[in-house]
Each structure stands twice: as structure tokens, then as C-alpha cells.
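Asks:
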Amino acid sequence: MNHIDRERMLSTLNDEEMNHLRACPFCKDDYDVVHLLIEGKNAMQLIAPPPKVWEKIEATRDKKQKTRFGVYSGLAASVLVGFVSIMTWKTHLLHQDVNALISKNTALELQIANNEVLNYQQAKIYEELQLIEEKLYLNQPPKTQRVYLKKRQETMLKIIKQQGAKYENYL
Amino acid sequence: MKIIYKVGLLTSFLSLNMQAAENQCSQLTFEETKDKSHYQIYANGSNNLRTFKKSNEYFNPGQHSVTILKWGKEDWVNYSRTHKFKKTNRIEMLHTTKRALSWNQPKIFNLLINVEANKKYVLSELQKDQKFELTHMKDSMCMENDENIIGPDTVSVDKFTLPQKLQYRLDKLMAELKNNNENISVNFIPFTSVLYFGAIPNLNNKSTKLLAVTPNSQASLLGLRAGDKIVKLGKTELSSQQFNSNFILDYLKSLKINDAIEATIIRDENEITLKGVYTPEIIPEYSYSFSKEKINEQPIISSMNLDNKIALKLSKLLIEINQNAMNQGINRENVVISRSNQYDGKFGMTGNIEVHNTQSVFVVENVDDNSPASRVGLNIGDRIIQLNNKYLQKGIQGFAHDLSRIKNNDIYEFRIVRGDETKVLSRTLVRNLLPEYQFSINFGSKERALKLMAKYGEYQTWKKNKDRGRNSVSHTSNTKRMPSPLSN
Numbered sequence: 082m083n084h085i086d087r088e089r090m091l092s093t094l095n096d097e098e099m100n101h102l103r104a105c106p107f108c109k110d111d112y113d114v115v116h117l118l119i120e121g122k123n124a125m126q127l128i129a130p131p132p133k134v135w136e137k138i139e140a141t142r143d144k145k146q147k148t149r150f151g152v153y154s155g156l157a158a159s160v161l162v163g164f165v166s167i168m169t170w171k172t173h174l175l176h177q178d179v180n181a182l183i184s185k186n187t188a189l190e191l192q193i194a195n196n197e198v199l200n201y202q203q204a205k206i207y208e209e210l211q212l213i214e215e216k217l218y219l220n221q222p223p224k225t226q227r228v229y230l231k232k233r234q235e236t237m238l239k240i241i242k243q244q245g246a247k248y249e250n251y252l
Numbered sequence: 026m027k028i029i030y031k032v033g034l035l036t037s038f039l040s041l042n043m044q045a046a047e048n049q050c051s052q053l054t055f056e057e058t059k060d061k062s063h064y065q066i067y068a069n070g071s072n073n074l075r076t077f078k079k080s081n082e083y084f085n086p087g088q089h090s091v092t093i094l095k096w097g098k099e100d101w102v103n104y105s106r107t108h109k110f111k112k113t114n115r116i117e118m119l120h121t122t123k124r125a126l127s128w129n130q131p132k133i134f135n136l137l138i139n140v141e142a143n144k145k146y147v148l149s150e151l152q153k154d155q156k157f158e159l160t161h162m163k164d165s166m167c168m169e170n171d172e173n174i175i176g177p178d179t180v181s182v183d184k185f186t187l188p189q190k191l192q193y194r195l196d197k198l199m200a201e202l203k204n205n206n207e208n209i210s211v212n213f214i215p216f217t218s219v220l221y222f223g224a225i226p227n228l229n230n231k232s233t234k235l236l237a238v239t240p241n242s243q244a245s246l247l248g249l250r251a252g253d254k255i256v257k258l259g260k261t262e263l264s265s266q267q268f269n270s271n272f273i274l275d276y277l278k279s280l281k282i283n284d285a286i287e288a289t290i291i292r293d294e295n296e297i298t299l300k301g302v303y304t305p306e307i308i309p310e311y312s313y314s315f316s317k318e319k320i321n322e323q324p325i326i327s328s329m330n331l332d333n334k335i336a337l338k339l340s341k342l343l344i345e346i347n348q349n350a351m352n353q354g355i356n357r358e359n360v361v362i363s364r365s366n367q368y369d370g371k372f373g374m375t376g377n378i379e380v381h382n383t384q385s386v387f388v389v390e391n392v393d394d395n396s397p398a399s400r401v402g403l404n405i406g407d408r409i410i411q412l413n414n415k416y417l418q419k420g421i422q423g424f425a426h427d428l429s430r431i432k433n434n435d436i437y438e439f440r441i442v443r444g445d446e447t448k449v450l451s452r453t454l455v456r457n458l459l460p461e462y463q464f465s466i467n468f469g470s471k472e473r474a475l476k477l478m479a480k481y482g483e484y485q486t487w488k489k490n491k492d493r494g495r496n497s498v499s500h501t502s503n504t505k506r507m508p509s510p511l512s513n
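For the record, the sequence lines run as chains A and B.
Take the first sequence: its position 79, counted from the start at 1, is 160 in this note's numbering, and no numbers get skipped.
Take the second sequence: its position 436, counted from the start at 1, is 461 in this note's numbering, and no numbers get skipped.
1) What is the residue span of the alpha helix (DSSP H) that residue 423(B) lies within?
2) How far does the beta strand (DSSP E) with residue 145(B) in it extend, from its first residue to its last?
3) Using 7 Å as the threshold, is the C-beta distance between residue 378(B) and residue 387(B) below it?
4) For a contact meaning CB atoms closer than 7 Å, what does residue 204(A) contact in chain B?
5) Flag this pair as touching only if the segment 358 to 371 of chain B and the segment 403 to 417 of chain B have three or more C-beta atom pairs under 8 Å; answer yes or no.
6) Per DSSP, residue 97(B) forms a beta bridge with which residues?
7) Grouping DSSP H, G and I as helix and E and B as strand, with all else coil, what is residue 351(B)?
8) How is residue 465(B) classed by DSSP in three states: helix, strand or coil?
9) Would you check if there are 3 or more beta carbon pairs closer than 8 Å linking the segment 325 to 335 of chain B to the segment 57 to 69 of chain B?
10) Comparing alpha-carbon positions, which option in 383(B), 364(B), 441(B) lies nearest residue 398(B)?
11) Can at least three beta-carbon pairs, one atom from the segment 291 to 299 of chain B and one from the segment 443 to 463 of chain B, be found at a separation below 8 Å?
12) Looking at C-alpha atoms only, which residue of 327(B), 403(B), 262(B) is the closest neighbour of residue 151(B)?
13) Ends of the alpha helix (DSSP H) at residue 225(A)?
14) Which value, in whole angstroms, describes the spacing of the CA atoms of residue 168(A) and residue 268(B)?
15) Residue 234(A) and residue 179(A): beta carbons closer than 7 Å?
16) Three or more beta-carbon pairs under 8 Å between the segment 458 to 468 of chain B and the segment 300 to 320 of chain B, yes or no?
17) How far does the beta strand (DSSP E) with residue 157(B) in it extend, from its first residue to its last?
18) Taking Cβ-Cβ distances below 8 Å as the criterion, which residues of the segment 326 to 353 of chain B are in contact with chain A?
19) State yes or no: is the beta carbon of residue 419(B) nearer than 7 Å to at least one beta carbon in chain A?
20) Might you give, ordered along the chain, the residues of its own chain that have their beta carbon closer than 6 Å to the beta carbon of residue 375(B), omitting 5 neighbours on each side?
21) Let me see if you follow: with CB-CB separation under 7 Å, is residue 177(A) close to chain B or not?
22) Can you give me the C-alpha to C-alpha distance between residue 96(A) and residue 213(A), rounded to a whole angstrom?
23) List, in chain order, every chain B residue whose beta-carbon is nearer than 7 Å to that of residue 187(A).
24) Is the Cβ of residue 153(A) closer than 7 Å to any Cβ of chain B?
25) Chain B partners of residue 233(A), CB-CB under 8 Å?
26) Over what stretch of residues does the beta strand (DSSP E) that includes residue 452(B) continue unbroken?
27) Should residue 214(B) be labelled buried (16 or more other beta-carbon atoms within 10 Å of its own) or exposed?
28) Which residue wins for smallest C-alpha separation from residue 86(B), given the options 140(B), 247(B), 429(B), 352(B)?
29) When the Cα atoms are used, what is the spatial distance from residue 135(B) to residue 89(B)?
30) For residue 375(B), decide whether its Cβ has a neighbour in chain A, counting only Cβ atoms nearer than 7 Å.
31) Residue 221(A) versus chain B: which residues are under 7 Å apart at the beta carbon?
32) Using a 10 Å radius around the Cβ and a threshold of 16 neighbouring Cβ atoms, would you call residue 252(B) buried or exposed?
33) From the DSSP output, read off the bridge partner residues of residue 89(B).
34) Look at residue 256(B) and residue 291(B) and say whether their C-beta atoms are less than 7 Å apart.
35) Given a threshold of 16 other Cβ atoms within 10 Å of its Cβ, counted over all protein chains shown, does residue 294(B) qualify as buried or as exposed?
36) Helix, strand or coil, according to DSSP, for residue 155(A) in the structure here?
Below, the structure is given as C-alpha cells:
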């Protein structure tokens, strides 16, 4: 059997087509892309696509030049809309994470009071904190910011844990 | 009448000599090399930025920092043709000629010279070596008035005791310094101002919203917190349309020391104005030596760049040492900390004593690299239950005491629990050696720096000149290379 026509994928497939879909990875990928977009559009709920989808998007771009413009331009537009939606949602979640971490960092910053002479180990933790802050200052993408804010949070917790300890625990 | 006249003359002659004899100063002459160079020399030992105006300068006895700018002759001519000079010989950007002239920046040398009273010296550059030497020529009575003598009398305090924790940190840092800069046995670092403010904006988002605020920094003292959005600094409104990633630094650059800082922020949808005073931290001049020769006996010490990380650690430690010195009432003096070779008394691990089934156990939380703890094979999470076949005493102090009693080259044994397994770790104790060194801090330089910074124009000129030597020997660059929010 030939590959399933992409326009057919928008309708309910018959048994023969379904069998082919199970056996043919090429058509399966196409089907995933198309249905991901349909589901996303209908349910307004985005799910992470399988990894091959992105490879497929690339491949689709190449093929677009060789095939009929109408269907593929529609598909490409849909893919683009889906892609942008997914990315927007992901970015939104990422920013939410970063903001939550900033709030936690704020709470910890307020608890750190450097009123005592630090011992060697405590000074090392402060150095660690400074290194993290230097990295955070560089023009970092939100993903990296999230990593460093998390590390900063852990380091500040270490400092707070050691604050006011009766005996030095660096032996 | 004649006799009275002669007595009068004799009296005035004697009083003049006595006045001169009261002054204790040394004379310094700079000798230019014959190559095509032009030198500008700044003596930083005075309260004012001061250049060598004439062939001789007079210094109070003691240590003085001097900055030398070495220009190529042609560069100097082009530079001076572009700038107009005031009578005081201070460089002012008053006038720019229409002709565009270019010049290469001068090389910068920071030196610490040590002069004795009533002696004449010549400061000269060793040919092609780019090193300077100070030669004692002859004894010379000080005939200068006080106002012509550079630098305050340096009061040296030899016995300066640091608290144990600070002393240990300095010892460790000096060991690191020695290992990382084996070729530098003597060094001098001029004072630096720390521009680290401690507010970290979200540059990726081109936002003035702060990702973090360093605890105990100027920003935190001002009241800034992570999450605050700065909308106005001083009189400057900040907008995301015209985002400038250096907005904090630019603002700070516009301030003089002790100026008011004002920041308007949005916090939890409320607009708040925070007010404070601009007081950047000053790291005083310091010098160190790993050689037997004492720092204050060395006629000249050239400043060499330090590894950036070590310079930063030293700066932070010096801020704490400075605070401690102020508590001891030492803030103008030149102090020297001398240490002889000694073994590092620490094992190189952190942890806590916990009680398991009525028995004390030391739970290892961190192990330093290249320490006895790492050499014996301790890992994070290990639980030490016995030391030399004896169960641990209650409390961390008891365990620390038992550890400190193990002598160098003694064989010792830990019984530990790692996971579900009990292990015995045994080794001969080889403690790390901490080096012999002298570390001299001139706390008086901090006061001079603050006065200089208060004179904004002169400080900017001084700083600009220092910046030119960024790639040569100026320590200022150490602070500048910090990838920190407000270093430049």
C-alpha cells in the first residue's frame, strides 16, 4: 500500500489504513503531527509531542518545496501555530518556576545576617554563593537561571544552617 | 648694635637649621631612561592626587605607594596635544583639538617604595626590563617645609593579632597564593574601591526586575530584595523600551562617596522609594612576602597582578580584617602579620555529631580536596564511629580535641559506617604545610582613598589613569574583571 495521504489523516481511517499506520513509521509520524495539532486545537490543552515530531517538522519543510503547496502550507502553518503555542506554554511554566525560585531566594536572603567572624568553611560557602551570583548575572536564558537560582537557594540554606552554631564544625 | 645684629643672624640661622632638623624626610629624584619614553609619576601617599612637579620630591620616612605611567614619546605628544593641562599639571579634558590624533595607552607600574629619613634616592627604570629600582645615593638633610613633604608619618604596628578564624583563613589563602603564583615572592597591591553593589537584574529579559540581591551587600542594606522591579534610580526613569544593561553601574558612576542613593521600586504591585548613602568598600593597600627579608626593609616592591579568584578572596578577607582592626582601635596604622612555617591543624572535613543508639557518631558533610580527610578516603555521608579504636566522645569539641592530638607522621585509624557496611580507614597522618609569610596592611591608605574619592574630579582622573594599565600591572583590574553586577 502507498503511504496514507495526509489529507486522509484528518478523517477517520479505515482498517487497512490503520494497519498500514501501525507498520509504517513514516505515516505514523505524520499522523502524530496532524493529530497533535487537532487535539491541541480542540482541547486547548497542550501535550509534549514525541521527539520525532520535531525531526518531522524539519523534514516537512524540505518536502514542502517538492510537493503541492496547498496542503502542506496549511499543515506547516498548523505546525507553526502548534509549535509557538507549545513554546509559549513552556516559557510560561519556566517563568513561573523562576518566579517561585526568586520568592524562595528572597525569603532566604532576609534570613542571612553576617554579623559573626566566619570560619574557613563558612567563608567557602559564601564564596560558593558569590560564584553562583556571578553566573546568574551573566546574560543567562531562563532555563539556566532556574538551575542557578536553585543552587543559590541550597547554598543559602547551608549558610543559614551554620549561622549561630555554638561550635565550629570544620575539623 | 653690631653684636646684636650678629647674634640675631646667628639665632635665625640656628633656628632655621633646627626647623630643618625637626623635619625628617627623604629626597627622591626620578631618572628618565634615554629611550623614547615619557613618564608621569603619581605619588599616592598624600591626601591629594599629586604628580612629580619638579625633579625632586620629598617624602616622609616609611613606605609610600607610587604610580608610574610610561608613555611612548610620540603617544605622549599626541595625547598632550589633544588635552589641555592646568597649571597644576593635572590632566583635564578641557579642550579637544579639531585634528583627530591617536595614541597608545601608557603602561602602568605601581610601586611601593621604602625610604629612610635624610637620605637621597634615585628612582629609575632598568633598561628594557620594565622594572624599577631605588638607589640610595647619599645622605641629605631635609630642608623642606611640611607642605612639600609627601605622605603622613607611617606608624607601624608589628604586633597585630587576628582572631583565630581570620588568621587561619589568611594562612590558607597565603598557601593558595604561594602555590598559584610560585614566581611571585614579594608583591604590593594598591588600594582598590569595590563597586560591587549586590543587585542582580534579569539581563536576559532586559528587565530591571532583580533576580537576586547579595546578602549584606550595599543593595541589601538599601533594602532591595530579589523580585523588586527598579523603576527609577536617582532621577533616572528606567524603561524597558530603552533598556541599558549597565543601568546600576551608570548610576553608581554618577555618585560621589557619601552621596544619597535613591531607588524607586515596585514590590508586590506597590511603589516604594528606598533611600541610603553611597559608601563603597575600600580595600586598603597591602603587600606580602614569602621571602626571609621583611617587607618594610625592602627598598622597592613592584605590583604584580594576582589571580582574579584569589584577589577576590583576599579582598573579602581584608574587609573583615579591617572591621576587626577598627574594633581594636587600629585604623590609621601600617600593620604587619608575620607567620612562620607550620602544619595545618585541620583535617579538612565538616560534619556534625549525632547520637545513634546512645553512641556519638560524626557524620561527614564535606571533605576538602588535598586534605588528610580526603587522603584517608573519607566520603560525604560516612559516619565515623571510632577513632583509634575508641568510641567518639560526646560533642564535637571532644572529637576535635582527639583529632588535634594526632601528631604528624603518626598512624591513625577511623572505623566508619558507609551505607550498611563498616570499614576501617587507616593512614599515616601527613598534615599540609602552611607557608612562612609576612603580610602588611596599610589601613591609613583607606582614609587617603576615601578623601581622594570625595574629591570626585581628582579621583576620576586617578581612576582613568589606572584603567589605562588594565593589562599591565594595576591591581584595580582585579576588581574590574569580577563578573559582578557593578564592577567595571
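Virtual Cβ for every residue (Gly too), placed ideally from N, Cα, C.
Quick caveat, the model's predicted, so the values are computed rather than measured.
Replies: Here's the rundown:
1) Locating residue 423(B) in the second sequence gives position 398, where the first residue counts as 1. That run of the alpha helix (DSSP H) goes 421 to 429.
2) In the second sequence, counting from the first residue as 1, residue 145(B) sits at position 120. First-last of the beta strand (DSSP E) with residue 145(B): 144 to 150.
3) As a working note, residue 378(B) is residue 353 in the second sequence. As a working note, residue 387(B) is residue 362 in the second sequence. Yes, these two residues count as a Cβ contact at 7 Å.
4) Numbered from its first residue, the first sequence carries residue 204(A) at position 123. The contacting residues are 194.
5) No, the segment 358 to 371 of chain B is not in contact with the segment 403 to 417 of chain B.
6) Residue mapping note: residue 97(B) aligns to position 72 of the second sequence, counting from 1. The partner list for residue 97(B) (beta bridge, DSSP) reads 62(B).
7) The count along the second sequence starts at 1 and reaches residue 351(B) at position 326. In this structure, residue 351(B) counts as helix in the three-state DSSP scheme.
8) Indexing the second sequence from 1 puts residue 465(B) at position 440. Residue 465(B): strand per DSSP, three-state reduction.
9) no
10) Within the second sequence, the letter at position 373 stands for residue 398(B). That would be 441(B), whose Cα lies nearest to the Cα of residue 398(B).
11) no
12) In the second sequence, counting from the first residue as 1, residue 151(B) sits at position 126. Comparing Cα-Cα distances from residue 151(B) to each of 327(B), 403(B), 262(B), the minimum goes to 327(B).
13) Numbered from 1 along the first sequence, position 144 holds the residue referred to as residue 225(A). Here the alpha helix (DSSP H) through residue 225(A) covers 223 to 243.
14) As a working mapping, residue 168(A) is identified with position 87 in the first sequence. As a working mapping, residue 268(B) is identified with position 243 in the second sequence. Approximately 25 Å, taken between the alpha carbons.
15) On the first sequence, position 153 is the one that residue 234(A) refers to. On the first sequence, position 98 is the one that residue 179(A) refers to. The answer is no: Cβ separation not under 7 Å.
16) yes
17) As a first step, residue 157(B) is located in the second sequence; it is residue number 132 there, counting from the start. From DSSP, the beta strand (DSSP E) with residue 157(B) extends over 157 to 164.
18) 337, 338, 341, 342, 345, 349
19) One-based indexing of the second sequence puts residue 419(B) at position 394. Not one chain A Cβ lies under 7 Å of residue 419(B).
20) As a first step, residue 375(B) is located in the second sequence; it is residue number 350 there, counting from the start. Correct list, in chain order: 390, 391.
21) Here residue 177(A) is taken as the residue at index 96 of the first sequence, counted from 1. No - not a single Cβ of chain B is within 7 Å of the one on residue 177(A).
22) Position 15 of the first sequence holds residue 96(A). Position 132 of the first sequence holds residue 213(A). When rounded, the distance between both Cα atoms is 58 Å.
23) Locating residue 187(A) in the first sequence gives position 106, counting from the first residue. Result: 250, 251, 252.
24) Taking the first residue of the first sequence as position 1, residue 153(A) is located at position 72. Answer no: the Cβ-Cβ gap between residue 153(A) and chain B never drops below 7 Å.
25) Position 152 of the first sequence, counted from the start, is the residue given in the question as residue 233(A). The answer, in chain order, is 237.
26) For this step, residue 452(B) is matched to residue 427 along the second sequence. From DSSP, the beta strand (DSSP E) with residue 452(B) extends over 446 to 453.
27) Here residue 214(B) refers to the residue found at position 189 of the second sequence. Residue 214(B) should be labelled buried.
28) As a first step, residue 86(B) must be located in the second sequence, where it is residue number 61. Of the listed residues, the one whose Cα sits closest to residue 86(B) is 140(B).
29) For this step, residue 135(B) is matched to residue 110 along the second sequence. For this step, residue 89(B) is matched to residue 64 along the second sequence. So the two alpha carbons sit approximately 11 Å from each other.
30) For the purposes of this step, residue 375(B) is identified with residue 350 of the second sequence, where counting begins at 1. Answer yes: the Cβ-Cβ gap between residue 375(B) and chain A drops below 7 Å somewhere.
31) As a first step, residue 221(A) is located in the first sequence; it is residue number 140 there, counting from the start. Under the 7 Å cutoff, chain B gives 229.
32) In the second sequence, counting from the first residue as 1, residue 252(B) sits at position 227. Under this definition residue 252(B) is a buried residue.
33) Along the second sequence, read from residue 1 onward, the residue named residue 89(B) stands at position 64. Residue 89(B) pairs with 138(B).
34) By one-based count along the second sequence, residue 256(B) stands at place 231. By one-based count along the second sequence, residue 291(B) stands at place 266. Going by C-beta atoms, residue 256(B) is nearer than 7 Å to residue 291(B).
35) Locating residue 294(B) in the second sequence gives position 269, where the first residue counts as 1. Under this definition residue 294(B) is an exposed residue.
36) Sequence index remark: in the first sequence, residue 155(A) carries index 74 (1-based). Helix at residue 155(A).
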